[in-house]
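I have placed the structure first, in the form of structure tokens, so that the comments after it can refer back to it.
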Amino acid sequence: MSSLLTATSVSYARDGNDILRDASLTIAPGELVGLIGPNGAGKSTLLKVVSGLWSGAQGDIRLLEKPLSRYSPREIARVIAQVPQITTLDFPFTVQQVVLMGRNPHLSRFQLETAQDRGIVERALERTQTGELAHRLIGTLSGGERQRVLLARALTQQPRLLLLDEPTANLDIQHQIAIFELVTGLICEDNLGAVAAIHDLELAARFCDRLVLLHQGTVLAQGAPADVLTAAHIRAAYGVEAQPYSDPITGHLRLSILGNGHLE
Amino acid sequence: MSSAVISPAETQTRSVFLLMKVGVVPRLVIVCAVLAVLLFVAMTYAVSIGTTEIPRPDVANALLQYAGLDRGVDESSPTYMAVTIVRLPGVMMAALVGAALACAGAVMQGLFRNPLADPGIVGVSAGASLGVVLAITQTEAITDLWRLHNGPLKDALWRIPVTAFVGAMLSALTVYILSLQRGRTNIAALLLAGGALNSVLGAIISVLLLRAGDMTQIRTVLSWLVGSLEGRGWDYFHVAKWPIMASTVLMLLYARDLNLLAIGEENAQALGVNVPRVRLILLALSCVMTAAAVSFVGAISFVGLVVPHMLRLIIGPDHRVLLPASLIGGAAFLVLADGISRSIIAPEKLEVGIVTALVGGPFFLLLLWRNRRQIAVF
Chain A
-18 MSSLLTATSV SYARDGNDIL RDASLTIAPG ELVGLIGPNG AGKSTLLKVV SGLWSGAQGD
42 IRLLEKPLSR YSPREIARVI AQVPQITTLD FPFTVQQVVL MGRNPHLSRF QLETAQDRGI
102 VERALERTQT GELAHRLIGT LSGGERQRVL LARALTQQPR LLLLDEPTAN LDIQHQIAIF
162 ELVTGLICED NLGAVAAIHD LELAARFCDR LVLLHQGTVL AQGAPADVLT AAHIRAAYGV
222 EAQPYSDPIT GHLRLSILGN GHLE
Chain B
40 MSSAVISPAE TQTRSVFLLM KVGVVPRLVI VCAVLAVLLF VAMTYAVSIG TTEIPRPDVA
100 NALLQYAGLD RGVDESSPTY MAVTIVRLPG VMMAALVGAA LACAGAVMQG LFRNPLADPG
160 IVGVSAGASL GVVLAITQTE AITDLWRLHN GPLKDALWRI PVTAFVGAML SALTVYILSL
220 QRGRTNIAAL LLAGGALNSV LGAIISVLLL RAGDMTQIRT VLSWLVGSLE GRGWDYFHVA
280 KWPIMASTVL MLLYARDLNL LAIGEENAQA LGVNVPRVRL ILLALSCVMT AAAVSFVGAI
340 SFVGLVVPHM LRLIIGPDHR VLLPASLIGG AAFLVLADGI SRSIIAPEKL EVGIVTALVG
400 GPFFLLLLWR NRRQIAVF
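Structure (structure tokens):
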């Protein structure tokens, strides 16, 4: 199947510093691609550049085969939905109001939300198990609840592509697992393409179909999790000695961190 | 803690706003209807106040008749004439200015995601004030500058508001240009530049005032600086209404964008808002609206800050309801303040800006104190 998003040799500089150099990324429907790499490797930047939030990148970015530069913000928002990392959701909006905002790219300036839009919101709340939070204020939710609500908002955009920036940062393990199980379920049901910047390598290996390892703004390796998370790649990107192994209980890929590579 | 007991923390997390579970349209209709009744009551009260007090039922009937409802009032009666020709223009001006200031304040607070923002923050009021001071103390220089000895600016009636409007727009433009970074407005730079310009303009105003020899000039200027509705007639109303009404209509079309901007600019852009463009449009509209208001009546403080806040505490932050509510609520607030300013030390009159600060200020502090938990999440 043709890809939803193709970014070819993308470079991006801000204030004279190269943040991305010749990075490439493709996402096909139905797959979850994990962006991994140490802090400052360019994971978040790559997400912002391919979604048009930050303009001025060099290289070729195509969304549904059409150059990204030919899209307006509204048109992009009908194809790409984002689940942001940290948000200042401090205005006292209710969960329902925040999720309803996901309909914005589909509404003209002169329109109000219709019963159909409200139906889409209701279904999104249901699918993310946030229905009972509908009338709560967004600022009073826990981290895990808030991520699920933002996922519901993303679903109401009826996107083809989901971008997640550290969706489980600062969450407890039970919420980390729950969010990723929810995301992979949604991807499968709606045949969405998804890309997530993920800090936790074992979590990335467990849930992603493919991994892209970024290091200093370039792609160091990409492919199946077991092919990317090798001792050599981890040494090159993170400077630590690590030994991948298969978890004897779950069978998932695990990493034994042996020590700091520079010290040995 | 037993799970059967609802903890205080849990009750707080419930939504607290009126009509929160009702759809936008019914909520808008109910809120606006209630506020419109309040506005009518405030207008009746304010019109009844004066050298001779007109009974309020008579005022109410005259107002309804003037608005087109046949109440059987004799249109040539002294009461009807006093209401519609003498008293109403000033009260309508108060309503217009109150509506403009409150609506512009609500927009600025959403735009900057800063509860303290009001149009004064980008230098509009200070620019208008300097314009007023120049028009009053440097009359010769101003008329020479524009070579308008024989034009409408010859008359102080128009010279003051026109100079004030020019001053307001020039200072807003200066702040805007100073805040540009790579073609985008930097909010922090905008607020800092606004603060700095306010200080500079304030210093210039002080110099001009201290050097002005004439005490009556100084009195006139001070009365303008605090905001005064005295002697503002239909002339002013019919000029000021156009920029204010036009800005209002456009702002209402951007109400949903304001909701999105309020939850963060990257969020807004990810949901399809053209952030730089929308921000510039809304900034320009609120500057025009404020400049039009303060140019005619002076820098009335506190309306733009207090009214949207009070309403947000009651009806929540959805700008599609908040902006219309701020318009009507702001109008009612300033009309009430105008009535108080003319009755409190009768037969003397207090400047309305002093009343808004003296009455609005403590009331606002009380609200802040009683709702401090909600303010924290704002």
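Heads up: the sequence lines are chains A and B, in that order.
Residues -18 to 245 in the working numbering are what the first sequence lists, from first letter to last.
Residues 40 to 417 in the working numbering are what the second sequence lists, from first letter to last.
The beta carbon of each residue, even a glycine, is placed where N, CA and C say it ideally should be.
Interface criterion not met: the Cβ of residue 69/B is under 8 Å from no Cβ in chain A.
Contact between residue 86/A and residue 138/A holds, with the beta-carbon distance rounding to 6 Å and staying under 8 Å. Scanning chain A for C-beta atoms nearer than 7 Å to the C-beta of residue 301/B yields 72, reported in chain order.
Going by C-alpha positions, residue 262/B is about 18 Å away from residue 329/B.
Assignment of beta strand (DSSP E) within the segment -12 to 74 of chain A, counting only whole runs of 3 or more residues, yields -2 to 8, 13 to 17, 39 to 44, 61 to 64 in chain order. Looking only at 76/B, 139/B, 342/B, 102/B, the smallest Cα-Cα distance to residue 324/B is reached by 139/B. Annotation for residue 149/A: no alpha helix (DSSP H) segment contains it, and DSSP assigns it neither H nor E. Nearest CB-CB separation between residue 65/B and chain A: not below the 8 Å threshold. A Cβ of chain B is located within less than 8 Å of the beta carbon of residue 86/A. Non-local beta-carbon contacts of residue 375/B in its own chain, meaning distances under 8 Å to residues more than five positions away in sequence, involve 81, 84, 85 in chain order. Annotation for residue 128/A: the continuous alpha helix (DSSP H) segment containing it runs 124 to 137. Contact note: residue 65/A reaches chain B through 303, 305, 306, 309, using a C-beta cutoff of 9 Å and chain order. Where residue 237/B is concerned, the enclosing alpha helix (DSSP H) starts and stops at 226 to 250. Counting other Cβ atoms within 10 Å of its Cβ, residue 157/A reaches 16 or more and is therefore classed as buried.
Counting the other Cβ atoms within 10 Å of the Cβ of residue 124/B gives fewer than 16, which makes it exposed. Here residue 401/B is exposed, its C-beta having fewer than 16 other C-beta atoms within 10 Å. Taking CB atoms only, residue 327/B has no neighbour in chain A less than 8 Å away.
Beta-carbon to beta-carbon, residue 300/B and residue 312/B are separated by about 7 Å, close enough to satisfy the 8 Å threshold. In the three-state reduction of the DSSP assignment, residue 241/A falls in the strand class.
Around the beta carbon of residue 254/B, fewer than 16 other beta carbons lie within 10 angstroms, which makes this residue exposed. The beta-carbon distance between residue 58/A and residue 292/B, rounded to whole angstroms, is 19 Å. This is too long to meet the 8 Å contact definition. In chain order, 73 make up the part of chain A whose C-beta sits under 7 Å from the C-beta of residue 355/B. The beta-carbon separation of residue 74/B and residue 364/B, rounded to 6 Å, stays under the 8 Å limit for a contact. Shown here for residue 133/A: same chain residues with a beta carbon closer than 6 Å to its own, the five before and five after excluded, namely 80, 105, 106, 109, 111 in chain order.
Contact check for residue 332/B and residue 201/B: beta-carbon distance about 14 Å, past the 8 Å limit, so the pair fails to qualify. Close partners of residue 83/A in chain B (Cβ separation under 8 Å): 310. Looking at the DSSP output, residue 174/A sits in a beta bridge with 142/A.
Nearest to residue 315/B by alpha-carbon distance, out of 220/B, 156/B, 141/B, 280/B, is 220/B. Note on geometry: alpha-carbon atoms of residue 366/B and residue 3/A lie some 52 Å from one another.
Checking the DSSP bridge columns, you'll see residue 226/A partnered with 235/A. Just so you know, the alpha carbons of residue 266/B and residue 380/B end up roughly 11 Å apart. No residue range can be given for residue 125/B, since it is assigned to no beta strand (DSSP E) and is classified by DSSP as neither H nor E.
In the three-state DSSP reduction, residue 146/B falls in the helix class (H, G or I). The C-beta of residue 54/A comes closer than 8 Å to at least one C-beta of chain B.
CA-to-CA, the gap between residue 233/A and residue 10/A works out to about 24 Å. For residue 292/B, the chain A residues whose C-beta falls within less than 8 Å of its own C-beta are 90, 91, listed in chain order.
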